[in-house]
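Read the structure below first, then the notes.
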Amino acid sequence: METQRILVTGGAGFIGTNLVNELKRRGHEVIALDLMHTSREDYVRADVREYRQLERVFEDYEFDYVYHLAAEYGRWNGEAYYENLWRTNVIGTKNIIRLQEKLGFRMIFFSSAEVYGDYTGVMTEDVMEKNPIKDTYQMNDYAMTKWVGELMCMNSAKMFGTETVRVRPVNCYGPHEKYTPYKGFIPIFIYHALHDKPYTVYKGHKRIIDYVDDSVRTFANIVDNFIPGEVYNVGGRPEWEHDIKEYSDMILETVGRDDSIVTYKEAEAFTTKVKRVDCSKAERDLKHDPKVPPEEGIRRTVEWMKWYYRIE
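For reference, each letter of the sequence shown is one residue, going 147 to 458 in my numbering.
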């Protein structure tokens, strides 16, 4: 395997931390970039919303690849803090693209399966191009910003010849994902169960989740088979699909609590009930091969959260 010089924006975040570790394990030279103050090695602090801060990083380092993960995450976060969302996810991505046009590095842009909106069929990567907008209408600002990011990448490729691969993660979860009220349902349920705090489960919603070790292994494979212009769904196995209540039950059993802290409600408004995502292209090109089933992934995530929050 050829050693590459790689920058990971959002490298102190959940997926970013795991991805940096995987890339380093493979022998690549990796720099993580994020907003946090930290004592981590091979780390630079910069705000992707500020072009000059980014430009200074690229004056100090040369990179073959940039994994662009830095983003504000989540639908309700995007509603409450939309200024941060649009500046980070759109202006921040535009700043990276401008530097890509100038310097010529290859980019892996992290979008989201949320771009499919309320599409009711199987979500293959070409749905966005082949279907009318009314079929893939994005239901929230977070999803909109991710689709805008993809459009900017495609536009830059056409106008300036930049080379980018887009990825659409599907409900990635696991260690290093700290709790906030705006996170996905897995860390929210675990955190609340560990702290004996009430939470709500909406009935009838089905999801496939993907353990982060499986996800980042696939993301890291991109540098070994980089196909400019491609886009990939990256998620768990179809047979791992469960109702969200089933995930809640797994978590409660792992933590050792009953469901007295859970309030059950009918379907959540403005939220797709079932998302069926086709990952066969990632399996073909990137050797995507999820190995950690939900029961095991949830157990590992519970153990990490117990360690992180100092829970006996």
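The beta-carbon is built from N, C-alpha and C at its ideal position, and this holds for glycine as well.
- request: Output yes if chain B places a C-beta closer than 8 Å to the C-beta of residue 327; else output no.
  value: Looking for chain B here will not work: only one protein chain is present.
Exercise. Closest by CA to residue 216, which one among 222, 205, 394, 238?
Worked result: 238
| message | Along the chain, where does the alpha helix (DSSP H) containing residue 166 start, and where does it finish? | response | 160-171
Check: Run through DSSP, which three-state label would residue 438 get?
Finding: coil
(request) Note the first and the last residue of the continuous beta strand (DSSP E) segment covering residue 214. (result) 211-214
**Q.** Beta-carbon proximity check, residue 443 vs residue 320, cutoff 8 Å
**A.** yes
Open item on the list: I believe residue 316 touches residue 381 by the beta-carbon criterion, under 8 Å. Please report the beta-carbon distance rounded to the nearest angstrom.
Closed with: Confirmed, Cβ separation roughly 3 Å.
* Asked: What residues in its chain sit with their C-beta under 7 Å from that of residue 190, if we drop five residues either side in the sequence?
  -> 177, 179, 203
- Task: Mind reading off the beta-carbon distance from residue 194 to residue 242? Whole number of angstroms is fine, and I expect it under 8 Å.
- Result: 7 Å
Check: Roughly how many angstroms lie between the CA atoms of residue 347 and residue 412, to the nearest whole one?
Finding: 8 Å
Checklist line | Beta-carbon gap between residue 314 and residue 213 smaller than 8 Å | finding: no
> Using 8 Å as the threshold, is the stretch 319-333 in touch with the stretch 297-306, meaning 3 or more CB pairs across them?
Replying inline: No, the stretch 319-333 does not touch the stretch 297-306.
> Where do the ends of the alpha helix (DSSP H) carrying residue 383 lie?
Replying inline: Unbroken run through residue 383: none, as it is neither H nor E.
**Prompt:** Is the stretch 267-284 in contact with the stretch 396-407, if contact means three or more CB pairs nearer than 8 Å?
**Reply:** Contact between the stretch 267-284 and the stretch 396-407 is absent, because fewer than three Cβ pairs lie under 8 Å.
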